[in-house]
Amino acid sequence: MRIVVAVAPTDFRRGIDGLARVCKEVLKQDPFGGWVFVFRNRPATALKVLVYDGRGFWLCHKRLSSGRFRWWGPPSIISKSCAAVCAAWSSPPSRRQAWTQRNFRYDHAAYDAVKRNLGRLVGLGQLRPAMERSLELMVRGSHPVEMSDEGLMTGEIEECLQVVLEALQNCDLPADDIAAWCRHMLAGDCVGFICDKELQAMRRHSEASRS
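Going by the working numbering, the sequence shown opens with residue 226, and the numbers climb by one from there.
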């Protein structure tokens, strides 16, 4: 069962019909699909959960007696956060020789943050921003790989990119857009081997689908 979370606050005066309309018009999802939809109010003190069981809707309401729910930011904030982490990896050429093993240990946390944010964007249906951030990750992240003799961080970058690659396998984006993204990703890889097989296969499949 898939769970869809509305990161923006929702007017809790809405009932079943109003929330079902939010599912369709805002979240771009079918409220009758059997998925679980989660909403919060503006103060983040209450949740509403909506689900269709095949015969009717269930609506659950949880209100905290104290404290607030921890919540995600809107897609634009998540995308900017991901971009900021990617940008932090860029070093001027004069500093490249100063990289040490300490720098690479520090970057593990950054890659975890990027993977987490890419997953959030995908979960919110924000595939295009996720594709943009993935391209930035490829361009900026492949430079540390090039600078290391052992190809350090290749696995971390590929784990991040797999989040988007898997989402693109079952999406409704135009095949031309996916093929173009694959070409940009392959061109942006300065080492030439980061997810190259997956990207090549996806590019060929997308190009074949449009013909």
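Every residue gets a Cβ at the ideal spot worked out from N, C-alpha and C, and that includes glycine.
Excluding the 5 residues flanking it on each side, residue 431 has same chain C-beta neighbours closer than 8 Å at 400, 401, 403, 404 and 407, in chain order.
Annotation for residue 421: 411 and 414 place their beta carbon closer than 8 Å to its own, counting only its chain and skipping 5 residues before and after. The alpha-carbon of residue 276 is positioned some 10 Å away from that of residue 229. Residues of the same chain with a CB within less than 8 Å of the CB of residue 392, apart from the 5 flanking positions on each side, are 347, 352 and 355 in chain order. Between residue 241 and residue 284, the C-beta gap is smaller than 9 Å, which places the two residues in contact. As DSSP reads the structure, residue 406 sits in no beta bridge. In terms of Cβ geometry, residue 339 and residue 379 do not form a close pair [threshold 9 Å]. Residue 345 and residue 252 have their C-alpha atoms roughly 14 Å apart.
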